[in-house]
Each structure stands twice: as structure tokens, then as C-alpha cells.
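Visitor: Let me begin by handing over the structure; questions about it come next.
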Amino acid sequence: MPMALANKIAAGEVVQRPASVVKELIENALDAGASTVHVVVRKAGSELIQVTDDGCGMNPDDAERCFQRHATSKIRTARDLERIHTLGFRGEALASVSSVAQVELKTARRGDDAGTRVRIDGGDEPIVEPAAPMAGTSVAVRNLFYNVPARRSFLKSPQTELGHILDTVQVMALANPGVAFRVEHDGHELLDVPVAGQRGLEAVARRTEQMFSFGAADGFTRVEEKTSYLAVRGLLGSPDEVRKTRGYQYLFVNGRHVSHRYLEHAVLSAYEYLVPDGTYPFFALFLDIDPRHVDVNVHPQKAEVKFDDERGVYGMLKAVVGRALGMSYRTPDEKSADQSAGLNLDLGRFGFEDPGSSGENAPGGKAPSRFDRGRLREPRGDWSGRLSRTLYEGESLERDAAGEDPSSLLASDATADRVEPREDISEEELLWQLHDAWILTQIRSGLIIIDQQAAHERVLYEKALHALEDGFGLSQQLLFPRTIEFTASDLELLKELLPDLRSLGFDVEPFGGRSVVVRGVPADIRAGDERSVLDGIVDQYREFERVERLEGRENLARSVARKSAIKAGTRLTHAEMRSLIDQLFQCSRPYVGPGGKPTIVKLSVDELRRRFDRKR
Ligand code: ADP
Ligand code: MG
Numbered sequence: 050m051p052m053a054l055a056n057k058i059a060a061g062e063v064v065q066r067p068a069s070v071v072k073e074l075i076e077n078a079l080d081a082g083a084s085t086v087h088v089v090v091r092k093a094g095s096e097l098i099q100v101t102d103d104g105c106g107m108n109p110d111d112a113e114r115c116f117q118r119h120a121t122s123k124i125r126t127a128r129d130l131e132r133i134h135t136l137g138f139r140g141e142a143l144a145s146v147s148s149v150a151q152v153e154l155k156t157a158r159r160g161d162d163a164g165t166r167v168r169i170d171g172g173d174e175p176i177v178e179p180a181a182p183m184a185g186t187s188v189a190v191r192n193l194f195y196n197v198p199a200r201r202s203f204l205k206s207p208q209t210e211l212g213h214i215l216d217t218v219q220v221m222a223l224a225n226p227g228v229a230f231r232v233e234h235d236g237h238e239l240l241d242v243p244v245a246g247q248r249g250l251e252a253v254a255r256r257t258e259q260m261f262s263f264g265a266a267d268g269f270t271r272v273e274e275k276t277s278y279l280a281v282r283g284l285l286g287s288p289d290e291v292r293k294t295r296g297y298q299y300l301f302v303n304g305r306h307v308s309h310r311y312l313e314h315a316v317l318s319a320y321e322y323l324v325p326d327g328t329y330p331f332f333a334l335f336l337d338i339d340p341r342h343v344d345v346n347v348h349p350q351k352a353e354v355k356f357d358d359e360r361g362v363y364g365m366l367k368a369v370v371g372r373a374l375g376m377s378y379r380t381p382d383e384k385s386a387d388q389s390a391g392l393n394l395d396l397g398r399f400g401f402e403d404p405g406s407s408g409e410n411a412p413g414g415k416a417p418s419r420f421d422r423g424r425l426r427e428p429r430g431d432w433s434g435r436l437s438r439t440l441y442e443g444e445s446l447e448r449d450a451a452g453e454d455p456s457s458l459l460a461s462d463a464t465a466d467r468v469e470p471r472e473d474i475s476e477e478e479l480l481w482q483l484h485d486a487w488i489l490t491q492i493r494s495g496l497i498i499i500d501q502q503a504a505h506e507r508v509l510y511e512k513a514l515h516a517l518e519d520g521f522g523l524s525q526q527l528l529f530p531r532t533i534e535f536t537a538s539d540l541e542l543l544k545e546l547l548p549d550l551r552s553l554g555f556d557v558e559p560f561g562g563r564s565v566v567v568r569g570v571p572a573d574i575r576a577g578d579e580r581s582v583l584d585g586i587v588d589q590y591r592e593f594e595r596v597e598r599l600e601g602r603e604n605l606a607r608s609v610a611r612k613s614a615i616k617a618g619t620r621l622t623h624a625e626m627r628s629l630i631d632q633l634f635q636c637s638r639p640y641v642g643p644g645g646k647p648t649i650v651k652l653s654v655d656e657l658r659r660r661f662d663r664k665r
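Counting from 50, one number per residue, gives the positions in the sequence shown under my numbering.
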């Protein structure tokens, strides 16, 4: 294959848009040890992208050679590949860029008498000339894709492309607070951040402050932990400053920005009870790991990495973040507070030692409810009649308890007939919501407590299974169809699930590249969540796959239930409680959640008597 053609093909992978050029050029500047990086862009990068650095520079030979494919100064032996510390390593970037643009490189090492200028047009032979001395390197890329019209026409609007460029610079600036960055577009300065400090989290905090409107440096929770396998350090944004998109979540592995849905999920799940569903906190986390345990060579733009122990990394990240958040968002008072007060949200597994005080007191514990009340409001049929048939008589309770509920808490007992529930109280008074998480109601033989989240998950899970079987789930069309970009692997998963997702009521289609367009979602999805729920389901599916080894429709139904159910912390009206109970008892297995945990706990009159030490 002629070299120019090979480069053009490689360019298709490495250089997708102006921002990819910016990324590669800045990486080279950083690898060269620059302490200032100056980016000049014209016409959102389609006319000019120029990156100037004050790094080590090149001698004339290297300057000529660096455009050859696989010309890298960073990897010499196969062993080097196992311990990559630089950002570049494939020697592909400059060769690729120069095959799809007109490139001019000027470079000199500090103290050289003269510099070198190399010009190369769309993969032609380079023209090398001496140039004025300088300290560092400047690469100008003009008329990107001028010789690949298809790709040029594929570019999005200038605002979008410029947005990508800025995102790219911000990510690199965040990871390199010791380097000053400047970006200019069509003569306007868009970013100018001086050196924020050499190393350490304080430098990162200052850099974050320099760049973003949110997050005063003292509002961040610091994370710094280390095991023999992995070191994690970084900043966690306050749960009070969440946003609606994932845009401000930064994960770096050995200094390289990566998108890793699974690990992002680990961080988010540690925030789980602190932030409302469908909102995302800021975080910037730097993972350092022996390069032998991580493969950075799985993605053309090096945006994805693979760990040899992904589950281990997930677990550690979640625990470390949970612990840090636990220390930040609970005062010493709360820690010693009465263990029985507040919600027990099982925060222990995230490293919160004391689950007792989390619900009421944690900031965000009282998160605004995004649950669409309309959807549960219409009770179907006579709930109290059904409830009495099901519970008062204790019949199906016994059947179910014997068959399914190992705790046998629900078994009816001999006292069932001895205490008559009061007939004179209204339905409303019979239902009571405790701590916005449990529904309490009286039954003939005592009291039942329904876990609203588990109950709703059971309802949605069975609905999903039916929809998957019938191939017909109700769909609501979105007013504004949404495109979501997935990682390559998530996209593959999504494609696999597509027929089933359609059965559930998702109107989804691949949309070119790694994005899909969502036009409709199942009718049960909560209002406000329509746009984010699909990513959530894919994340959840992956997690169930890895953690519980669930597959296919079972996994999908459970993921949908988990992602769309009302959560603990959601206040319900009486009508909603009624409707939930009604729907729960229409299920084939109302007493257990989809994962096997109980939905209902019963406290019998007998047990109450025993507890109060009464003989009658
Ligand atoms: P890679 O970064 O994978 O090595 P590139 O094609 O990006 O491949 O760059 C090729 C080589 O050119 C690098 O290995 C480096 O030696 C040299 N180089 C590129 N940009 C710079 C720069 N800004 N300063 C110094 N050397 C550079
Ligand atoms: Mg490079």
C-alpha cells in the first residue's frame, strides 16, 4: 500500500475533527515538557489550528522524520510499550495529520543557532529549510481535510467543533495545572490560564477554579488514597452543585483523559444518595496504576483504556469516593447521632460507617423529587378491597411466604382474628409514609411496611418482562429527540439490545458514528428523566452483567426497573401510595423485589405484644 494512502486511512481513525488535531498537538507539546501551550484557531479549526509550545524542540533530522509513520521518539523497544508514560506512543499523529492537511512545523532546541522549518502538503514529500532559532515547537495545520471532502462535509457546525476544541483543551489543562494554556479563536481570546501550581491537588483545584464557573476550591472534597495496585487522587464536586449532564466528569488514567462508563458509574454510585437521580456532580479523578495493568492501546484516539482487573478498580474507586464523601458531608454530631434516626440507606457498603443518620441530614438526602406523580396517580380497581383480600385474609401471604420469602416474616399467625382493624378510619389515614421511603399500613394481624423503591421496582420489572414477551410496550414520543454518544463497546451492547429496547417502548436508532438518536421512551419513564434514562439503563445493564452476571432480558428488565423506579427519599401522596400498593398486588410475586430482597415487612400484633412484654 502506498504510504500516503496508509496515512490517509490511519488519519481517518486518529483525526476525526479539528479537536482531534488539537489533542494530538497538545499531547506532543506536553510530552516535550512544555510549560506554556498556545493554541490559535481560525474558523473553528477548519482554516487553521496552530499549537506553539516551549518544550524541548527537535533537531533538523528529527523535524524532518517526525512526519513519517511510526516515527516516534517515545517507544524504542517492545518493552517500552508495556510501560508507556508519555501521551503519544504510536508515532501516528503527525503522519496522519499531514496526510489530510497542509502542515508547517517550526522547531528548535533551546540554544540552537538555527531552527528548522518543515512544510508538508497532504502527504507530499516534506520541504525542509532552516529557520530562525526559537525555544520550542510550533505546528500549524491549515485547511484540514481539504483533500478529503467527505470528511470535511461531515464536520458539525462551527460552534460545535469549537466546543469540542475547547473541551479538549480544558481536559488537558485540568490534568496539567503546571502548564499555562491560552486559546485564541478568530482573534478573540477564549481561555487564558496561567500556571496553577506544580503538583498536587491544590494545583488541580486552582486550575478548576480558573476554568469553570462553579466549585470554589474549598468546596471540593479531596481524595487521596493508595494501594499497591492503584492510587486515586482528585477532587469531588459538592453534591449541591450538580448539573444535568455528564459533561463535567473527568477521569484520568496515568495522566491520560479517558472515558470509561463503568468507572464513572463507580463514582456516581458512591454519590447515589447525595444527588438527585439524573444529575451529575463534577469530579476530576486521577488514577495511577502500573502501566502493565492497563492497556491504553485499545482505541485509535486513545480515549479508552482497559484494566486487567476492572471489577477491582471499580470496587476500590467506589469505596474510596464513598469514604471521602462520607467524611465531608457528615458532621461529627451526625456521626454520633441516634442510630435509629433517619433513613437506613445502606451507606455502609460505601464506607460510611454509620448508616443511621444519613437520610435526613446528608445534604441532598432530601433531594428534590423528580418523580412524576401523574404516573402513579390513577389507582386501578379497588385497592383496599384487593389489599384486604390479599392481606387481611392472609391467604396469599402464606402461600407466598412459604414459596418465596425465606424470612417467613409475612406468614399469618394465630392472632390474625383477635384484633379487628378499625373500620371507621378513612383510607387516607390507613396509609402513612415514613421518612419518604416506606409506606406503613395496618392489616388485620398487625402492621406492614412496604419499601416503596423495592415495590416499584417489582412493578416495573414485571411490566418490562411482559412488554418484552409481548413485544409491545407503550411509548411516549419525545418533543426533542435526543442524540446520545456512547463508547464503542456500549454502542455494541446497545445494538444487541435494540430489538428488546424497542419492545419496551424505546424508539431508538443508530445515528452514525457512535451516537444513537432517541425519539421515544417507555411510557413509565418519569417525566424529566426521558433524556437520560437510556444511558442509565446501559450503565446499569453493564453493572448487573459484571456484578451479578445477569443476562439478556432478565438483566434488561431489571435495569429498566432499577433506573425508572421511584427512589427512597421521594414523597408520595396518598393516591400514589394507594396506586403503588394496588399495582404491587397485581404482580405475580409482590413480596420480593426483582433482586430477591423483600418488598414488605410485617410486624404482627403478636410480635408487638412480645416486644412490649405483654402477655395478653
Ligand atoms: P508520538 O507522539 O506517538 O510519538 P507523533 O506523530 O505525535 O507521534 O509525533 C512524532 C514525534 O515527533 C514524537 O515522537 C516527537 O519525537 C516529535 N514531536 C512531535 N511534536 C513535538 C513537539 N511539540 N516538541 C518536540 N517533539 C515533537
Ligand atoms: Mg503524539
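Where a beta carbon is used, it is the ideal one built from N, C-alpha and C, also for glycine.
(1) If we ignore side chains and look at the alpha-carbon of each, how far apart do residue 534 and residue 494 end up?
(2) Could you give the distance in angstroms between the alpha-carbon of residue 667 and the alpha-carbon of residue 370?
(3) What are the boundary residues of the alpha helix (DSSP H) that residue 224 is part of?
(4) Could you say which of 205, 338, 215 lies nearest to residue 239 if we only look at CA atoms?
(5) Check whether the Cβ atoms of residue 156 and residue 106 sit closer than 8 angstroms, and answer yes or no.
(6) Suppose contacts are defined by Cβ-Cβ distances below 8 angstroms. Is residue 311 in contact with residue 591 by that definition?
(7) Taking 8 angstroms as the cut-off, decide whether the C-beta atoms of residue 365 and residue 489 are in contact.
(8) Rounded to whole angstroms, what's the CA-CA distance from residue 526 to residue 568? Just pull it up for me.
(9) Should residue 324 go down as buried or exposed, given a rule of 16 or more other Cβ atoms within 10 Å for buried?
(10) For residue 647, count the other beta carbons within 10 Å of its own beta carbon; 16 or more makes it buried, fewer makes it exposed. Which is it?
(11) Rounded to whole angstroms, what is the Cα-Cα separation between residue 287 and residue 336?
(12) Using the C-alpha atoms, what's the distance from residue 573 back to residue 524?
(13) Across the region 195-211 and the region 97-116, are there enough close Cβ pairs to call them in contact, namely three or more that are closer than 8 angstroms?
(14) Within the same chain, show all residues whose beta-carbon is closer than 6 angstroms to that of residue 170, passing over the 5 residues directly before and after it, in chain order.
(15) Looking at the structure shown, is residue 301 part of a helix, part of a strand, or coil, going by DSSP?
(16) As a quick exercise: from 539, 578, 368, 602, pick the residue whose alpha carbon is nearest that of residue 272.
(17) Look at residue 587 and residue 570 and say whether their C-beta atoms are less than 8 angstroms apart.
(18) In whole angstroms, give me the CA-to-CA distance for residue 522 and residue 616.
(19) Shortest alpha-carbon distance to residue 270 belongs to which of 355, 596, 250, 154?
(20) Could you please give me the residues that DSSP links to residue 281 through a beta bridge?
(21) How would you write the range of the beta strand (DSSP E) that residue 598 sits in, first residue to last?
(22) Could you give the distance in angstroms between the alpha-carbon of residue 381 and the alpha-carbon of residue 510?
(23) Quick test of the definition: if touching needs 3 or more C-beta pairs under 8 angstroms, does the region 106-119 touch the region 83-94?
(24) Residues in its own chain within less than 7 angstroms of residue 374 by CB, not counting five upstream and five downstream?
(25) If we ignore side chains and look at the alpha-carbon of each, how far apart do residue 153 and residue 531 end up?
(26) Applying the criterion that 16 or more other CB atoms from any shown protein chain within 10 Å of the CB defines a buried residue, is residue 564 buried or exposed?
(27) Pull up the distance between the alpha-carbon of residue 578 and that of residue 549, whole angstroms please.
(28) For residue 314 and residue 353, which I take to be in contact (beta-carbon distance under 8 angstroms), what is that distance rounded to the nearest angstrom?
(29) Which whole-angstrom value describes the C-beta separation of residue 74 and residue 188, a residue pair presumed to lie in contact below a C-beta threshold of 8 angstroms?
(30) Beta strand (DSSP E) containing residue 568: first to last residue?
(31) Should residue 73 be counted as a contact of the ligand ADP given a C-beta to heavy atom distance under 7 angstroms?
(32) Within 7 angstroms: the Cβ of residue 77 and any heavy atom of the ligand ADP?
(33) Around the Cβ of residue 528, are there at least 16 other Cβ atoms within 10 angstroms (buried) or fewer (exposed)?
(34) Closer than 7 angstroms to a non-hydrogen atom of the ligand ADP - does that hold for the CB of residue 107?
(35) Assuming residue 376 and residue 482 are in contact, meaning their beta carbons sit under 8 angstroms apart, how far apart are those beta carbons, in whole angstroms?
(36) Short check: CB of residue 650 to CB of residue 498, under 8 angstroms?
Guide: Considering the structure as presented:
(1) 53 angstroms
(2) No statement about residue 667 is possible, as the shown extent of the chain runs from 50 to 665 and does not include it.
(3) 207-224
(4) Among 205, 338, 215, the Cα nearest to that of residue 239 belongs to 215.
(5) With contacts defined as CB atoms closer than 8 angstroms, residue 156 and residue 106 qualify as a contacting pair.
(6) yes
(7) no
(8) Cα-Cα distance, rounded: 6 angstroms.
(9) buried
(10) That one is buried.
(11) 20 angstroms
(12) 9 angstroms
(13) no
(14) 151
(15) strand
(16) 368
(17) Taking 8 angstroms as the Cβ cut-off, residue 587 and residue 570 do not qualify as a contacting pair.
(18) 23 angstroms
(19) 250
(20) 274, 336
(21) Run containing residue 598: none; DSSP gives neither H nor E here.
(22) For residue 381, the predicted model reports a pLDDT of 41, less than 50, meaning its position is unreliable and no value from the coordinates is stated.
(23) no
(24) 270, 285, 319, 320, 323
(25) Between residue 153 and residue 531, the C-alpha separation is close to 40 angstroms.
(26) exposed
(27) 20 angstroms
(28) Not quite, the Cβ-Cβ distance comes to about 15 angstroms (not below 8 angstroms), so this is no contact.
(29) 5 angstroms
(30) Unbroken beta strand (DSSP E) run through residue 568: 564-571.
(31) Answer for residue 73: yes, Cβ within range of the ligand ADP.
(32) yes
(33) exposed
(34) yes
(35) Residue 376 to residue 482, Cβ: 31 angstroms. No contact.
(36) Cβ distance < 8 angstroms, so residue 650 and residue 498 count as in contact.
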